[in-house]
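Going by our numbering, the first residue of the sequence shown is number 1145, and it counts up by one from there. All C-beta atoms in this analysis are idealised placements derived from N, C-alpha and C, irrespective of residue type, glycine included. All of these numbers come straight from a predicted model, not from anything done at the bench. Below: one structure, written as structure tokens.
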Amino acid sequence: MRRRKFIALLGGTAAAWPLAARAQPLPVIGFLRSTSAAASTQTLAFHEGLKDAGFFDGQNVAIEYRYANDDVDRLPALVDDLLRRPADVILANSPAARAAKARTTRVPIIFVSGGDPVADGLVTSFNRPGGNVTGVVFFSAVLGSKRLELLRRLVGDSRLIGYLAHRSPETEAERHEVQEAARTMGQELIAHDVVGARDIDTAFAAFAERRVGALLVGSGAYLFANRERVLALAARHALPASYSQREFAADGGLMSYGSDQSESYRIAGLYVARILKGDSPANLPVTRSTKLDLVINLKTAKALGIEVPPTLLALADGVIE
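And the structure:
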């Protein structure tokens, strides 16, 4: 009798093992951005990086999304929410990564940044990040002078050019570079900073009043998040404009030149996977995404009455007709 009870108990315990295994919580990735969800077009690329490393949302990992909707003051609370979850690793853009670093020295943080992470205080060096932070850099902020040069090649060098910028730590390098490049080229530049959505309308009104003939749109998460408004105003004022990301050109902008941010987020997915497999962020060097794309929208050029020089077309990595 006792033997039968023991066997029955053993059988019941064995049957419960798979249930217990299934009840184990999945590792949690916190996906944190300073922008809105609608402006975060890189999510699919991040998923691709995870899939390449064998991680699938809802199967062997859980992803928690948090968005500050362009209100950076919300970021500390969002970080705290992820830490309570608790997140095993946090993937963040620059403003979100700075907020996360200020709240935890324990949870690994992987950033995707267009600025200089050393100057931003995220890491001590590229090769030896130290601490709990590392990530991917796509250096959009230091391509401003090249975007200005390409815009002048497209529209001529006699026009007054406006510069629309969102002032933040990660865009300061671009601001300095663009203004220095304009001085070197002898190009008059009308700069206008934006902080909120209303400032974008004010900026275009100022450009119209100064009879700006072309527009250079700065890099950064804020202007990307508000690209629909920027593109609509550029079209309304018939302003030839150059942008930092291909999504602008794909959505109707004249031209874009910059890093492929989707590739950066795919690489970030691979880095997050390495953290989940046991690597320390302190030992993962900051990696650079070096793929650059020049995209020209010929349909927009035709609407603006601009003939794209064949030499510029030959340089293009993508042409929209």
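Which residue or residues does DSSP assign as beta-bridge partners of residue i?
{"i": "N1213", "result": "DSSP output for N1213 lists no bridge partner at all."}
{"i": "G1306", "result": "I1334, L1359"}
{"i": "G1279", "result": "F1255"}
{"i": "N1441", "result": "I1464"}
{"i": "M1206", "result": "Going by the sequence as given, residue 1206 is Ala instead of Met. A1206 is bridged to V1172."}
Using CA coordinates, which residue listed in the options is at the minimum distance from residue i?
{"i": "L1438", "options": "L1298, S1424, L1308, D1423", "result": "L1298"}
{"i": "T1249", "options": "S1424, T1185, K1290", "result": "S1424"}
{"i": "F1190", "options": "L1295, A1417, T1444, L1456", "result": "A1417"}
{"i": "S1312", "options": "E1332, L1226, V1430, D1264", "result": "D1264"}
{"i": "S1238", "options": "Y1366, E1293, T1346, L1308", "result": "Y1366"}
By how many angstroms is the C-alpha of residue j removed from the C-alpha of residue i?
{"i": "T1268", "j": "T1278", "result": "10 angstroms"}
{"i": "L1375", "j": "Y1401", "result": "16 angstroms"}
{"i": "R1166", "j": "G1198", "result": "Summary for R1166: the model assigns pLDDT 48, below 50, so the residue's position carries little reliability; its value from the coordinates is reported in the next sentence. Each residue's alpha carbon lies about 18 angstroms from the other."}
{"i": "E1353", "j": "I1334", "result": "11 angstroms"}
{"i": "S1388", "j": "V1339", "result": "18 angstroms"}
{"i": "W1161", "j": "S1180", "result": "With a pLDDT of 40 at W1161, under the threshold of 50, the modelled position of this residue cannot be trusted, and the question is left open."}
{"i": "R1303", "j": "G1357", "result": "5 angstroms"}
{"i": "P1454", "j": "E1465", "result": "15 angstroms"}
{"i": "S1433", "j": "V1256", "result": "10 angstroms"}
{"i": "V1452", "j": "E1318", "result": "26 angstroms"}
{"i": "R1146", "j": "A1221", "result": "Caution applies to R1146, whose pLDDT of 45 falls short of 50 and renders its modelled position unreliable; the model cannot decide the point."}
{"i": "E1314", "j": "G1364", "result": "7 angstroms"}
{"i": "R1291", "j": "D1215", "result": "28 angstroms"}
{"i": "G1155", "j": "P1252", "result": "For G1155, the predicted structure reports a pLDDT of 47, less than 50, and the residue's modelled location is therefore unreliable. A value from the coordinates is still provided. Whole-angstrom Cα-Cα distance: 41 angstroms."}
{"i": "K1446", "j": "N1370", "result": "25 angstroms"}
{"i": "T1444", "j": "Q1331", "result": "24 angstroms"}
{"i": "L1359", "j": "H1310", "result": "14 angstroms"}
{"i": "V1281", "j": "T1431", "result": "6 angstroms"}
{"i": "S1289", "j": "S1386", "result": "11 angstroms"}
Within 8 angstroms of any Cβ in chain D, is that where the Cβ of residue i sits?
{"i": "P1313", "result": "Absent from the structure is chain D; it holds one protein chain and no more."}
Give the range of the alpha helix (DSSP H) segment to which residue i is assigned.
{"i": "D1345", "result": "1341 to 1353"}
{"i": "F1255", "result": "Run containing F1255: none in the alpha helix (DSSP H); it sits in the beta strand (DSSP E), 1253 to 1257."}
{"i": "H1191", "result": "1187 to 1196"}
{"i": "G1402", "result": "G1402 -> not in any alpha helix (DSSP H); beta strand (DSSP E) instead, spanning 1399 to 1403."}
{"i": "R1296", "result": "1288 to 1299"}
{"i": "A1244", "result": "1238 to 1247"}
{"i": "E1318", "result": "1316 to 1329"}
Do residue i and residue j have their C-beta atoms within less than 8 angstroms of each other?
{"i": "F1351", "j": "G1306", "result": "yes"}
{"i": "L1176", "j": "A1246", "result": "no"}
{"i": "P1273", "j": "P1429", "result": "yes"}
{"i": "N1204", "j": "L1226", "result": "no"}
{"i": "L1219", "j": "G1413", "result": "no"}
{"i": "A1378", "j": "G1397", "result": "yes"}
Counting along the chain, where does the beta strand (DSSP E) carrying residue i start and finish?
{"i": "S1386", "result": "1385 to 1387"}
{"i": "G1462", "result": "1462 to 1464"}
For residue i, is the beta carbon positioned less than 7 angstroms from some heavy atom of the ligand MN?
{"i": "R1247", "result": "As for the ligand MN, it is missing from this structure, which has no ligand bound."}
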